[in-house]
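Down below is the structure, laid out as C-alpha cells.
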Amino acid sequence: MHLTRGCFIFSFIYGSSGRVAPRVFSIIIARANGPEMQIILLHPRFTQARSLTLTLRHGLLALSLLLVLVLGSAALMTFLTLTHVGDIRLPWVQKMLDAGNQGEAARNDRYVRENIAAMAMKLGEMQAQLMRLDALGERVQGLSGVKPEEFNFKELPGRGGAEPSTSRAAPPPLGISQFQQALDALVVDIEHRSDYMNAVETTLMFDKIRSKLLPTIQPVNVTYNASGFGWRLDPFTGRSTFHEGIDFPAPTGTPIIAAAGGVVIAAEFHPQFGNMLEIDHGNEIVTRYAHASRLLMKVGDIVQRGQHVADIGTTGRSTGAHLHFEVLVKGVQQDPHKFLIAGSGQGSVPQQTRK
C-alpha cells in the first residue's frame, strides 16, 4: 500500500515463479469532486483502467445494508437461543434465565403475600361480624320465644347429600382473584343479614314492649265477673243504663294488680268510684280501678305489669266488695274483655307485691 497526496494505492503481486514474470493488481482510491470517491482498478488483463465512482448515496446505502445485516443476525441469534434454550449450556444464557426466573418468582411471592394479608383482614372482619350476628340471633331467639334446643346458634347445621357424579365436568380450580371475589361477596352478604337481624330485633322488641303496655292481665284473681260491659239494670235505680266496665267480686282486701305497665296519673277518692286509681299505659290507653279499700300507689309512680297496686273494697257507689275495672282508649271506654282475651294465651304473670 502506498499513500500519496489525496489517494490510496493498494498493490497485490501474484504469480511469481522462475519462468513467469510476476503480475501486479493495483487498486487506487482517490477523492473526486466533493464527497465523491473514485476507485480505479489496474490489471495486466485489462486493456484500459476501470474506474468506479462512489457517491454519498452509495455510502448511506452500504451503511443501511450493514445495519440491517447486524440487526437480522442479532434477531436470529435471539430466536435460536430462546427456541433451543434447553439444549444450550452457555453460562451467560443460564444466568440470564435464572435471573428472569428469580424475578418472576419474587413478583409472584409478593403478589401472594399481599393477597394473603388482604384476605386475613377480610377474615378478621367476617369473624367479628359473625360473633355480632350470633349475639343478635340469640337476642332475637329470646324475643321470638324460640327454644334454644330448637335453634342453636353455637352448632353448625347438618348438611349432606349423594356423592358427586363423575360424569359431570369438574369446575376449574378456584384462583386467588376468584377467591377474593367470593370473600368480598360473603362479607357483603353477612352485612346485609346483620342489618336484617337488627331490623327484626327492633320490631320484636317494639312488639314485646307494646304487648307489655296493653292491659291484657286480669286485675283480680277470680273466675267470674258479676257484671259485664254493656247495657244492664242499674242496681240502685233499676233503670237500664250502660255499664262502662267489668265488675269482679272478691272479699275486701283482695289484691288488685296492674293489667299492664305504666305511670299512675290518678290516685284519689271519687264520689262515684270511691278510692280510684288510674294508670296511663301509653298510646292513649288508660286503665281505671275503682271502689278500692286501699290505694298503694301515688301519682307519678311507675308500675310494672302484674304489680300489686290496690286492695278490693266497697267505697263509693257500691253495693258490696268488688273491683270496677275500665279500659279507656283516647278517653272512650272500651270492652275490657277484648283485651283480657288477647292476653289469655300469654300465661299467668306472678303478682308483685309492694314492699
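First residue of the sequence shown: -13, per the numbering used here; consecutive thereafter. Glycine included, C-beta positions come from ideal geometry on N, C-alpha and C.
Check whether residue i and residue j have beta carbons under 9 Å apart
i, j, result
"Ile298", "Gly248", "no"
"Leu242", "Val206", "Residue identity check: residue 242 is Ile in the sequence provided, not Leu. Cβ atoms of Ile242 and Val206: closer than 9 Å."
"Met283", "Arg274", "no"
"Ala244", "Gln258", "no"
"Asp233", "Phe325", "no"
"Ala252", "Val285", "yes"
"Met112", "Val173", "yes"
"Val313", "Asp287", "no"
"Asn269", "Leu199", "yes"
Reduced DSSP category for residue i - H, G, I as helix; E, B as strand; rest coil
i, result
"Leu282", "coil"
"Val315", "strand"
"Ile203", "coil"
"Val335", "Residue placement at Val335 is flagged as unreliable, the pLDDT there being 43, under the threshold of 50; the coordinate-derived value follows with that caveat. Note: Val335 maps to coil in three-state DSSP."
"Ala104", "helix"
"Tyr97", "helix"
"Gln115", "helix"
"Pro241", "strand"
"Ser163", "helix"
"Val208", "coil"
"Pro322", "helix"
"Glu264", "strand"
"Gln258", "coil"
"Ala347", "This structure gives no information on residue 347, because the portion of the chain shown stretches from -13 to 341."
"Gln34", "coil"
"Thr301", "coil"
"Thr64", "helix"
"Thr189", "helix"
"Gly306", "coil"
"Arg179", "helix"
"Arg43", "helix"
Exposure label - residue i; buried when at least 16 CB within 10 Å
i, result
"Gly123", "buried"
"His178", "exposed"
"Pro237", "exposed"
"Leu309", "buried"
"His267", "buried"
"Phe165", "exposed"
"Phe215", "buried"
"Ile327", "exposed"
"Gln204", "buried"
"Glu264", "buried"
"Ala296", "buried"
"Val315", "exposed"
"Leu53", "exposed"
"Pro158", "exposed"
"Pro30", "exposed"
Alpha-carbon spacing of residue i relative to residue j, whole angstroms
i, j, result
"Leu55", "Ile25", "25 Å"
"Asp349", "Ser180", "Missing from the structure shown is residue 349; the chain here goes from -13 to 341 and no further."
"Leu46", "Thr39", "14 Å"
"His294", "Leu281", "10 Å"
"Met183", "Arg291", "28 Å"
"Arg96", "Glu90", "10 Å"
"Gly110", "Arg93", "26 Å"
"Val186", "Ile271", "26 Å"
"Val126", "Gly147", "31 Å"
"Gln167", "Asp120", "24 Å"
"Thr301", "Phe222", "15 Å"
"Ile(-5)", "Leu62", "39 Å"
"Gly329", "Ala278", "24 Å"
"His256", "Arg225", "23 Å"
"Ala35", "Ser(-3)", "14 Å"
"Glu149", "Lys108", "32 Å"
"Val98", "Ala48", "54 Å"
"Met105", "Asp170", "9 Å"
"Arg43", "Arg9", "35 Å"
"Gly144", "Ile176", "20 Å"
"Ile162", "Ala114", "23 Å"
"Gln338", "Ser304", "Its pLDDT being 47, under 50, Gln338 is placed unreliably by the model, and nothing is read from it."
"Leu57", "Leu66", "14 Å"
"Pro322", "Glu141", "45 Å"
"Met23", "Ser59", "30 Å"
"Arg218", "Asn211", "14 Å"
"Cys(-7)", "Thr33", "23 Å"
"Ile102", "Thr64", "38 Å"
Integer Cβ distance of residue i from residue j, believed to fall under 8 Å
i, j, result
"Ala246", "Thr202", "7 Å"
"Gln319", "Gly231", "7 Å"
"Ser12", "Leu28", "4 Å"
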